[in-house]
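Asks:
In the working numbering, the protein residues as written are 520 to 742.
1. Report the CB separation of residue 612 from residue 568 in whole angstroms; it is logged as a contact under 8 Å.
2. For residue 650, collect the residues of the same chain with a Cβ closer than 8 Å to its Cβ; drop the 5 residues on either side in sequence, then sort them by chain order.
3. Short of 6 Å in beta carbon distance, which residues of its chain neighbour residue 531, apart from the five on each side in sequence? Order them along the chain.
4. Using 8 Å as the threshold, is the segment 566-585 in touch with the segment 626-642, meaning 3 or more CB pairs across them?
5. If you run the structure through DSSP and keep just helix, strand and coil, what is residue 465?
6. Quick one, are the C-beta atoms of residue 596 and residue 577 less than 8 Å apart?
7. Residue 686 and residue 615: beta carbons closer than 8 Å?
8. What residue from 671, 653, 676 has the CA that sits closest to residue 697's CA?
9. Using the rule of at least 16 other Cβ atoms within 10 Å of the residue's Cβ for burial, across every protein chain shown, is residue 589 buried or exposed?
Listed below in structure tokens is the structure:
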């Protein structure tokens with residue numbers, strides 16, 4: 520297994536983890552710079568694992584009326600999608616890849632296949648905790664069905680691709696304050712819940728979730 524903070528020799532993919540809480544604007548600046556360096560051939564591909572302070576982030580389809588509380592900072596993300604919450608206890612994984620190149624079963628220049636692989640990555644990682652996560656037609660991200668039949672999102676996806684280099688990525692809920700999701704219409708979807716590993720009774724640590732993500736990567740993106 521490749522530990523965070525090192526490079527997988529099979530793929531030259533760097534795994535980087537930031538301790539503490541990374542301010543969202545700082546993450547945007549760092550991602551954009553790394554994507555530009557990848558495009559210029561000055562840096563390799565990277566998955567960056569972070570946590571953010573409580574933040575609502577707006578994708579290009581976000582509508583102001585879908586923010587229901589004003590005490591949490593809001594930021595324009597520049598990615599696709601609508602409103603997303605980031606905060607402590609949520610692992611955000613920023614994926615910076617050269618999508619002009621194939622990645623396992625993901626063919627070059629195929630954004631739909633890339634998003635599908637991001638979903639598969641989270642599904643495979645959650646399977647390591649005996650959590651059955653699933654896709655839902657018309658709803659990007661991954662979902663679980665709680666006892667009683669309520670469908671809840673556990674993993675969100677928001678991507679941006681600039682000249683075939685990806686940035687932004689996924690957010691998996693380990694133990695965030697689920698009440699903060701009530702301040703927005705998450706991803707523009709009403710009528711469904713939000714859950715986390717801890718909410719499902721899985722007392723995993725962030726380090727264990729990171730290890731699951733690293734182990735599941737080759738299953739979604741190849742080696």
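We put the beta carbon where it would ideally sit given N, CA and C, even for glycine. Small disclaimer: the values here were computed from a predicted structure and weren't measured.
Replies: From the atom records:
1. Contact holds; Cβ gap of about 5 Å.
2. When the five nearest sequence neighbours on each side are left out, the beta carbons in the same chain lying within less than 8 Å of the beta carbon of residue 650 are those of 663, 673, 716, 719, 721, in order along the chain.
3. For residue 531, same chain residues with a beta-carbon under 6 Å away, outside a window of 5 residues either side, are 563 in chain order.
4. With the cut-off at 8 Å, the segment 566-585 and the segment 626-642 do not touch.
5. Residue 465 lies beyond the range of the chain shown here (520 to 742); nothing can be said about it.
6. Yes; because the gap between Cβ atoms is below 8 Å, this pair is in contact.
7. Contact: yes.
8. Restricting attention to 671, 653, 676, the CA atom closest to the CA of residue 697 is found in 671.
9. Exposed: under 16 other Cβ atoms inside 10 Å.
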